[in-house]
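Enquirer:
Protein chains: 2
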Amino acid sequence: MKTDLEIAQETKALNIQTIAEKLHIPEKELYLYGKDKAKVNLNYLSGLSEKRSHLILVTGISPTKAGEGKSTVTIGLADGLNAQGKKAMACLREPSMGPVFGLKGGATGGGYSQVIPMESINLHFTGDMHAITAANNLIAAMLDNSIYQGNPLNIDPEKVVWKRCLDMNDRTLREITIAQNKKVNGVERTDHFVITVASEIMAILCLATSLSDLQDRIGRCVLAYTMDGQPITVKQIQADGAATLLLKEALMPNLVQTLEGTPVFVHGGPFANIAHGCNSIVATKAALKLSDYVITEAGFGADLGAEKFLDIKCRMGNLKPSATVIVATIRALKFHGGAKVDQLEKEDLEALKKGVANLERHVKNLKNFGLPVVIANNRFASDTEAELEFLKIWTKEKNYPFALSEGWAKGSKGMQALVEQVLLALKQENRFKPIYEVSQSIEEKIETIAKKIYQAKSVIYSKQAQAAIQKMKENGWDQLAICMAKTPLSFSDDASLIGAPTGFDLHVQDILVSSGAGFLVVLTGSVMTMPGLPKEPAANRMGVDESGKSFGIF
Amino acid sequence: MKTDLEIAQETKALNIQTIAEKLHIPEKELYLYGKDKAKVNLNYLSGLSEKRSHLILVTGISPTKAGEGKSTVTIGLADGLNAQGKKAMACLREPSMGPVFGLKGGATGGGYSQVIPMESINLHFTGDMHAITAANNLIAAMLDNSIYQGNPLNIDPEKVVWKRCLDMNDRTLREITIAQNKKVNGVERTDHFVITVASEIMAILCLATSLSDLQDRIGRCVLAYTMDGQPITVKQIQADGAATLLLKEALMPNLVQTLEGTPVFVHGGPFANIAHGCNSIVATKAALKLSDYVITEAGFGADLGAEKFLDIKCRMGNLKPSATVIVATIRALKFHGGAKVDQLEKEDLEALKKGVANLERHVKNLKNFGLPVVIANNRFASDTEAELEFLKIWTKEKNYPFALSEGWAKGSKGMQALVEQVLLALKQENRFKPIYEVSQSIEEKIETIAKKIYQAKSVIYSKQAQAAIQKMKENGWDQLAICMAKTPLSFSDDASLIGAPTGFDLHVQDILVSSGAGFLVVLTGSVMTMPGLPKEPAANRMGVDESGKSFGIF
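Line order of the protein sequences matches chains Z and D.
Residue 212 in our numbering sits at position 212 of the first sequence, with consecutive numbering throughout.
If you count the second sequence from 1, you need to add 1000 to reach our numbering.
(1) Compute the beta-carbon to beta-carbon distance between D:G1518 and D:T1072, rounded to the nearest angstrom, for a pair I have assumed lies under 8 Å.
(2) Using a beta-carbon distance below 9 Å, is D:F1554 in contact with chain Z?
(3) Check whether the Cβ atoms of D:L1092 and D:F1265 sit closer than 9 Å, and answer yes or no.
(4) Please look up how many angstroms separate the CB atoms of D:F1101 and D:L1506, rounded, as I've assumed it's under 8 Å.
(5) What is the DSSP secondary structure of Z:I7, reduced to helix, strand or coil?
(6) Leaving out the 5 sequence neighbours to the left and right, which residues in its chain are closer than 7 Å to Z:H51 when beta-carbon positions are compared?
(7) Inspect the beta-carbon positions of Z:A275 and Z:E188 and report whether they are closer than 9 Å.
(8) May I have the straight-line CA-CA distance separating Z:N185 from D:V1527, to the nearest angstrom?
(9) Suppose the cutoff is 6 Å on Cβ atoms and the five residues either side in sequence are ignored; what does the same chain contact list for Z:N358 look like?
(10) Within 10 Å of its beta-carbon, does Z:N181 have 16 or more other beta-carbons around it, so buried, or fewer, so exposed?
(11) Run down chain D in chain order and give the residues with a C-beta less than 9 Å from the C-beta of Z:Q257.
(12) Taking three-plus beta-carbon pairs below 8 Å as touching, is the segment 118-132 of chain Z in contact with the segment 416-436 of chain Z?
(13) In chain D, which residues lie less than 8 Å from Z:N137 when you measure between Cβ atoms?
(14) Determine, using beta carbons only, whether D:A1140 comes closer than 9 Å to chain Z.
(15) Output the distance between the C-alpha atoms of Z:P117 and D:L1245, rounded to the nearest integer angstrom.
(16) Flag this pair as yes or no: are the beta carbons of D:T1003 and D:S1096 separated by less than 9 Å?
(17) Which same chain residues end up closer than 7 Å to Z:Y454 when comparing Cβ atoms and leaving out the 5 residues on each side of it in sequence?
(18) Consult DSSP for D:F1551 and reduce its assignment to one of helix, strand or coil.
(19) Taking the straight line between their C-alpha atoms, what separation do you get for Z:A250 and Z:S280?
(20) Spell out whether any CB of chain D is found under 9 Å from the CB atom of Z:Q215.
(21) Z:K367 to Z:V373, Cα distance in whole Å?
(22) Please list, in chain order, the chain D residues whose beta carbon lies closer than 7 Å to that of Z:Y31.
(23) Identify whether D:K1410 lies in helix, strand or coil by the three-state DSSP scheme.
(24) Please tell me whether D:L1057 and D:A1409 are closer than 9 Å, where the distance is taken between their beta carbons.
(25) Roughly how far, in whole angstroms, is the beta-carbon of D:A1485 from the beta-carbon of D:V1521, given that I think they are within contact range, below 8 Å?
(26) Fully enclosed by the segment 231-308 of chain Z, which beta strand (DSSP E) runs are 3 residues long or longer?
(27) Residue ranges of each alpha helix (DSSP H) run of no fewer than 4 residues wholly in the segment 1444-1487 of chain D, ordered along the chain?
(28) From the DSSP output, in three-state form, read off Z:L352 for me.
(29) Taking C-beta pairs closer than 9 Å, name the residues in chain Z that D:L1245 reaches, listed in chain order.
(30) Rounded to whole angstroms, what is the Cα-Cα separation between Z:N137 and D:F1432?
(31) Would you kindly work out how many angstroms separate the C-alpha atoms of D:N1145 and D:S1439, rounded to a whole number?
(32) Can Z:L247 and Z:L30 be called in contact, C-beta distance under 9 Å?
(33) Nearest to D:I1435 by alpha carbon, out of D:W1477, D:F1309, D:T1502 and D:I1469?
(34) Can you pull the chain D neighbours of Z:M97, defined as C-beta to C-beta under 8 Å?
(35) If you reduce the DSSP assignment to three classes, tell me which class Z:E68 lands in.
(36) Identify which residue in D:L1166, D:E1345, D:G1034 and D:V1160 has its Cα closest to the Cα of D:C1221.
Printed below as a string of structure tokens:
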């Protein structure tokens, strides 16, 4: 069987100018990166008039660790719509490079539903991650420099909250001490690095609507607190201008293509736990002006990804989603019905019958947002006819629109049934509304999500969380949106509670502010913001031949 | 007076395809970065046939801290040759981003002898620095991961020599402790970051002649030593393939243009102390195939920069330099004659008369390499007529070819006198030969440089240096080239010995191996590999307006 990289490399990419022509983007508005990638001028995109296009969110059931193929479905759906003569494009997140060297596959779809050039997108791409790393670390260096150079802002070195970052899986940087031994090295303190996609700068890049909004948001980021507890922002250390300068290209959406020549914006990729897990607002808004159907995705399952897409991204970007697609694999449904991880390839109708409860709750949640829902079964070779038949009958009985999604094996040809269902869904009533109002109290907002989406019995706040809420109120940060950091593997904060658990308590451990992004991060457990490499890193097998062709990226 | 950025932004850049056409590079061999930058396909460049072109090195007298304008002279000379209908191009180093945010101006020339787009070249440019950072840090992460995952290579964590890097002036990362507190964070050890341009990967990128040579060199880099003192290389941790993959675009030369439309490769920029301080061999070799006159520069004064250019770069790249230009400013000559730093703008003929001794030694040294020499006075507004007249008479008496270089104020028009002198020099006899043979012993090589170039009385080795020499011999690293790390401000290792000192001892403190680069770094003092930011960083005043135009880069 061919690898994703082999399929991608066999495909002759169209010149990116040809892709841009499909969207009527004049060549002069492109900032080319080689022959098959381009950034698009932001002023040009802002100047386009809005039109009535459809924004379709691809989300998923509570995932297994393998991932259920949301990107593949997103890409396949855009290809499938174009194959029917519609004008469709996809908006995807850009992958973090660090995990590519570890275990994780690329984040550019798979099989015959891929975005190309896959090796470039998964590595340096157009340099956005590097620009975010640089902007983040310039702010860090300027902050520590201010402390070193007489500390005019009276910053408490023990209360620095801004972290340095690298786009690398490097566990040794999780807990470090900096500025040791000599006074000329600065003021010693403990610190840690996060992976670049976990930086608030990434979240901001994805939520900013213009260069000036980007600078304002960066300026608002809280870096540290003074000796008497007052927040210190990026603007106070005068780093907002230079950081924005470093991000001026990064804010422009990246245009690439699918294997079938469908235009795709791959732009921005924030963490889905401590951030909102969606591609950039500028890319999605631009796509809605450039095409009639925009297919996009959100991280993790619908309890996290879709909720944040709808409550954070759509609210901040003033976006009106049209419909949602929930990706459910037979494998993951069986897992939620109690099947063991190493038994997911075996037929197990009993587990499947139990596991659909997880799917059903996600469907109901999305309907509660007022949106039409379509269920897509991302088909795997191990799915049996009996299992597929069960799902077909179950969805029919429930009156849930349903279709197989076979883009991985067949490209757009395998997506026509899903395209039909999505087009029908777009004719349904749409009463979209976020699930909470930002004007509610912090506790009300958290409890709305916990009870309406997760079906938690109650929310328990730790002492630390209570103190954090108090601090947020004092600093005027209580009117921000809520960004839940919770395990994606369960509706609860306990990864072992599979299926559709009820009656559990949600434990809020702490609350952090991302004042530039505009949300409070509600921690219901520990979040790993710097991954490590596995025993046999994927990087061991990667390389490039003398002709410049890559190998070993999977 | 206009700033460099204002002059650069006023100039309408030609499309980079037009610049490529001047060199007869087909458009399909370009990898575009926007409209005014492109990388050139390495296989295409390798396939071009060699021709008898002239390689002209611009170097300088022992510099003051302000720099004497070598880049400006290099750019001006290329423009000046083109203005006479010659086919000339320049090869420059690419600037490190970190210092741009500190005090340092850009490294793209100045006034009317500049390379554009200056703001892009000084910041992310085509991402080469970021790629080097990523490759360097992937190797670091894989090394620490190998130690963490059972340490199969028996690496002594106390003997890790590979450093992480960032392209940022961040003093707090000079001395740090990593992997603290928890076993899951790795094995605790002290560490430090260097600025990216100080990474051996940068030196290697500049010395590699092909992708496979790049991979071989990376594979040879020494990372650490085992518990029983055996070196551990990148190849042993299987990181050479992935690191090369990360550098495959970075190895392609970057084509840009001067304000006057002269083609320029800006590619690679290693430190001039712990590395060799020249742009890449691939760029220089390509330029020699694409044009008739190639003007390039080397870091610091001729004792360091030219010596390394000739003994390291030309040797490894099999390059035959044709002539050298020594840049001397009246200001720096007066400094070497004893004038105080804050008095350099005042006329001081006595100091000037003494200071020319520094220039004369550099001239003689370059003649010892068998090369024609031209002296260029990079004119400053503060230079008086009497001072210029003195220099003119002195060079005439000595029979040293001499011309004013006024590219900063006048562009190519101000370079015609120097062009004439350079063209005459190219007709002179050229018996170029490196000053030492790599087959000599380590001590012989060091003493050759110390005595023939610096005029040291003798070389004193510390105990550590003696032990290092022994270790180098045991590991078979004694046949490598020599890369001196010495203060650029004096011929000696004591920055206060200005002018043309004699009778001093050169103190070798330690010797490090850069086995991938292929040289031994001979430390004659401490070398700062991670700069800090000043009290008022330049970044404080930088920014971008809503149209995307940068400001504050000087």
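Just so it is clear, CB atoms sit at the ideal spot from N, CA and C, and this is done for glycine as well.
Expert: Based on what the coordinates show:
(1) The pair is not a contact, with the Cβ atoms about 31 Å apart (cut-off 8 Å).
(2) no
(3) yes
(4) 35 Å between Cβ atoms; not a contact.
(5) helix
(6) Position check: residue 51 of chain Z holds Lys in this sequence, whereas His was assumed. Answer for Z:K51: K289, listed in chain order.
(7) no
(8) 14 Å
(9) I61, S62, H336, G499 and A500
(10) exposed
(11) In chain order: nothing, as chain D lies at least about 17 Å away.
(12) no
(13) L1166, M1168 and D1170
(14) yes
(15) 14 Å
(16) no
(17) D303, F491, S492 and L506
(18) strand
(19) 11 Å
(20) yes
(21) 7 Å
(22) G1034
(23) helix
(24) no
(25) 6 Å
(26) 231-233, 254-258, 263-266 and 293-297
(27) 1463-1474
(28) helix
(29) E119, L123, A539, M542, G543, V544, S550, F551, G552 and I553
(30) 45 Å
(31) 38 Å
(32) no
(33) D:F1309
(34) A1134
(35) coil
(36) D:V1160
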